[in-house]
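In the numbering used here, the protein residues as written are 856 to 1006.
Backbone N, C-alpha and C define an ideal beta-carbon position, used for all residues, glycine too.
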C-alpha cells in the first residue's frame, strides 16, 4: 500500500474577494508540485471543511485528481456550505480552535493568500519541518486589486 502525504490547504475565504481563476491556477500549481515530489504516495488534502473560498477550490481540484479529502474545522464552520469530504473532524467552537489538530494531521501546507491565521499555521508547519508552498494572491477591493502581504 502506498504511503500517504497529508497536504493542508489554507487561504482566503469570504468575505474576502479575490480572483478565483488565479486562485485555482495557484492551487493547481501547488498540487502539481506535491504530485511531482510525492509520485508514489496517496495525497490527502486537509482543509477547513467549508466549500467556500480557496478551501472549496482546493477540495474541488483534489476531487478531480482522485485525491482523498479531509475537513478539520471548528463548530462555526457548520454555518457555511460544507464540502462532502471523505473524513470530517470538528474541534472546538471558535475559529482557530482547530489549528493544533490541523497542524498535527498534515505533512505539508499550501497557502494561497489568507490572513493572520493562515500565516500562523504556515509558521507552525515550518517549525515542525513540514513542506511549505506559498502564493500571494491579490484581494479585490472596490474593483481594484491590492496585495495584502502585511495582513
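| task | At 3 residues or longer, and completely inside the segment 931 to 988: list those beta strand (DSSP E) runs for me, N to C. | result | The qualifying runs are 942 to 945, 963 to 967.
| query | What's the gap between the Cα of residue 918 and the Cα of residue 950? | reply | Straight-line Cα distance between these residues: approximately 25 angstroms.
| field | Same chain, Cβ closer than 8 angstroms to residue 972, five either side skipped, listed in chain order | value | Taking C-beta separations shorter than 8 angstroms and ignoring five residues to either side along the sequence, the partners of residue 972 in its chain run 865, 950, 951, 954, following chain order.
| request: Just mark residue 995 as buried or exposed, buried being the case when its beta carbon has 16 or more other beta carbons within 10 Å. | output: Exposure of residue 995 is indicated by the presence of fewer than 16 other C-beta atoms within 10 angstroms of its C-beta.
| Contact set for residue 962: own chain, Cβ-Cβ below 8 angstroms, skip 5 residues either direction | Apart from sequence neighbours up to five positions away, the residues of its chain that approach residue 962 with a beta-carbon distance below 8 angstroms are 860, 861, 862, 985, 986, ordered along the chain.
| field | Helix, strand or coil at residue 904 according to DSSP, with G and I counted as helix | value | DSSP, read as helix, strand or coil, puts residue 904 in coil.
| message | Rounded to the nearest angstrom, what separates residue 923 and residue 939 at their Cα positions? | response | If you draw a straight line from the Cα of residue 923 to the Cα of residue 939, it comes to about 11 angstroms.
| said: Please report the straight-line C-alpha distance between residue 889 and residue 934, rounded to a whole angstrom. | reply: C-alpha of residue 889 to C-alpha of residue 934: approximately 31 angstroms in a straight line.
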